[in-house]
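Numbering (this note's numbering), first residue to last: 96 to 226.
Okay, structure coming up:
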């Protein structure tokens, strides 16, 4: 095996692992492939936020607590495709079925905004009280 073949094989292995994981989750949760794929994409985004916060902690000695509200909001946004799928009582091609309130965009914006505002409000209160 040449040295340049190992990264290619590793990339193919990771892609196959992700695809089989998505197929397993879609069968286990009884949801379509695209719903699980969207959810995992946003969860990977939340993981990138966490890794960025850890890098900032190491490089600049910034406390990790200031990234927690954004991380929690990103985790919630990762769950929105699953929530949206479960908000519709049944799926029909013949006519449009409106989702419940927790599957609407305004509700998700309200929840994410609330998470960020309450999270940073608590951090500000803690910082002012104990500083």
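Backbone N, C-alpha and C fix where the C-beta goes; we use that ideal spot for every residue, glycine too. Since the model is a prediction, treat every value here as computed from it, not as a measurement.
Problem - Where residue 127 sits in the DSSP three-state scheme - result: In the three-state reduction of the DSSP assignment, residue 127 falls in the coil class, being assigned neither a helical nor a strand state.
Exercise for the section: Give the single residue among 129, 198 and 145 whose Cα lies nearest to the Cα of residue 114. Expected result: For residue 114, the nearest C-alpha among the options comes from 129.
Exercise for the section: Return the residue from the list 175, 99 and 136 that minimises the CA-CA distance to residue 116. Expected result: Answer by Cα proximity: 136.
Handout entry: Counted within 10 angstroms of its Cβ, other Cβ atoms place residue 108 as buried (16 or more) or exposed
Key = With fewer than 16 other Cβ atoms within 10 Å, it is exposed.
Problem - Where residue 131 falls, given that 16 or more other Cβ within 10 Å makes a residue buried - result: Here residue 131 is buried. Its C-beta has 16 or more other C-beta atoms within 10 Å.
Problem - C-beta contact flag for residue 134 and residue 176 at 9 Å - result: Result yes, Cβ atoms of residue 134 and residue 176 sit closer than 9 Å.
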